[in-house]
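See below for the structure under consideration.
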Amino acid sequence: MTARLILGKDVSEEIYAELRQRIENLKSKGVVPGLAVVLVGDDPASQVYVRKKGEMCESLGMHSVTIRMPQETTQQELMDKVAELNADPAIHGFLVQLPLPAHLDEEQVINAISPAKDADCFHPWNVGRMLIGNPDFLPATPAGVQQMLIRSGIDTAGKHVVVVGRSNIVGKPMAAMMLQKGIGADSTVTVVHSRTRDLASVTRQADILIVGIGKPRFITADMVKEGAVVIDVGTNRIDDPTHPKGSRLVGDVDFDAVEPKVSAISPVPGGVGPMTICMLMANAVKAAENALEAE
Ligand code: NAP
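Numbered per this note's numbering, the sequence shown spans residues 1478 to 1772.
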């Protein structure tokens, strides 16, 4: 069997084309959607993510603001910045890039973001709305996975979806989204994690296996059912002396071993990766549309 590749680049381009039209529509009504990203400290990976978010905003013709705050920023200074962005009419959505330096309280910061401007969809209000099936925004990475399934024509209704990992950013919202009623959902969902007994016996039952644990090539061929669909959220940098950089990215799935056995699979890199920023942009555009509607 040769598996179909599910490529986030292709899916995200389709979504960006739709977003460009929505942005034009907003601009014709005098609204330029604005997204701000707050970066505290100098974590190199966060710097790269924040730069990419800014570049994508600009390429879509959105108003983009990047706020860089020093490593020694106090909780109060960060809370003041959040309050300022909550009140800024030119900013429709914003996020504070995580992880924060250890001395800062992430939960307090997330809780202070106005739910109407919560571009990451991490505020408990928006998490609750997603859970009850009435979302305003969706968390970017799981929303990206769901769009990959929908736009690749993979029927999820009645399928057994096994989600590996239970973080608040990937696993939990992914599971919550797949069990909702409607397109790209209606699945029977099982979640497994580091305390699950005989994890492979559960993953082998998956019609659709979604993996986000941060363990390079953890899912091997014997853990996957013949003909399953596999979505790999994992992004792990491993040493590779044959690579010009001396390292390369791999997923949580042993792609070379699993690919011949399955009907469709997302590679790493090139799979879920491009979807996260895309769905973040979608949340910012939605926030601007909501603000216009509320005028
Ligand atoms: P996380 O917060 O560290 O959570 C990891 C989850 O995996 C936890 O629920 C943990 O279980 C579970 N886990 C760890 N080892 C396991 C094992 N041996 N067996 C079963 N479950 C295990 O990580 P995350 O933020 O969810 O990210 C997961 C991966 O996705 C990472 O590689 C990350 O880089 C990637 N990611 C990619 C994107 C993207 O845009 N493509 C976005 C977000 C994350 P416990 O809860 O029991 O500890």
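Cβ coordinates follow ideal geometry from the N, Cα and C atoms, glycine included. Since this is a predicted model, take the numbers as computed values, not measurements.
In the assembly as shown, Q1548 is an exposed residue. Its beta-carbon has fewer than 16 other beta-carbons within 10 Å. By the Cβ-count criterion, V1509 is exposed, with fewer than 16 other Cβ atoms from all chains shown falling within 10 Å of its own Cβ.
Ligand 1 has no heavy atom closer than 7 angstroms to the beta-carbon of L1686. DSSP places I1708 inside the beta strand (DSSP E), whose first and last residues are V1706 to D1709. With the rule of 3 Cβ pairs closer than 8 angstroms, the segment 1523 to 1531 does not count as touching the segment 1560 to 1569. C1598 and G1621 have their alpha carbons spaced roughly 13 angstroms apart.
For A1765, the number of other beta carbons within 10 angstroms of its own is at least 16, and it is reported as buried.
Here the alpha carbon of S1523 sits roughly 21 angstroms from the alpha carbon of K1594. The closest CA to that of V1638, considering only H1600, P1592, L1686 and L1769, is found on L1686.
For M1654, the secondary structure class from DSSP, reduced to helix, strand or coil, is helix.
Any heavy atom of ligand 1 within less than 5 angstroms of a residue's beta carbon puts that residue on the list, which reads T1618, G1642, R1643, S1644, I1646, V1647, H1670, S1671, G1689, I1690, G1691, V1710, G1711, T1712, V1749, G1750 and T1753.
At a Cβ-Cβ threshold of 8 angstroms, V1669 and V1641 count as neighbours. P1578 and G1518 have their C-alpha atoms some 7 angstroms from each other.
For the segment 1597 to 1630, the continuous alpha helix (DSSP H) assignments of 4+ residues that do not extend past its boundaries occur at 1601 to 1608 and 1617 to 1628, in sequence order.
Sequence-distant partners of P1746 (beyond 5 residues in either direction) whose C-beta falls short of 6 angstroms from its own C-beta, in its chain, are L1726. Of the other Cβ atoms in all chains shown, 16 or more fall within 10 Å of the Cβ of Q1574; this residue is therefore buried.
In the displayed model, I1483 falls within coil according to three-state DSSP, outside both helix and strand. Residue pairing by DSSP places M1546 opposite V1517 in a beta bridge.
Judged by DSSP in its simplified three-state form, L1512 adopts strand. Residue burial annotation: H1569 is buried, with at least 16 other C-beta atoms found within 10 angstroms of its C-beta.
With contacts defined as CB atoms closer than 8 angstroms, V1688 and I1742 fail to qualify as a contacting pair. Under the three-state reduction of DSSP, R1694 is assigned to coil, being neither helix nor strand. The way I'd put it, the segment 1669 to 1678 doesn't touch the segment 1620 to 1636; fewer than three beta-carbon pairs between them come closer than 8 angstroms.
If you check the CB distance, A1589 and G1511 do not come in under 8 angstroms.
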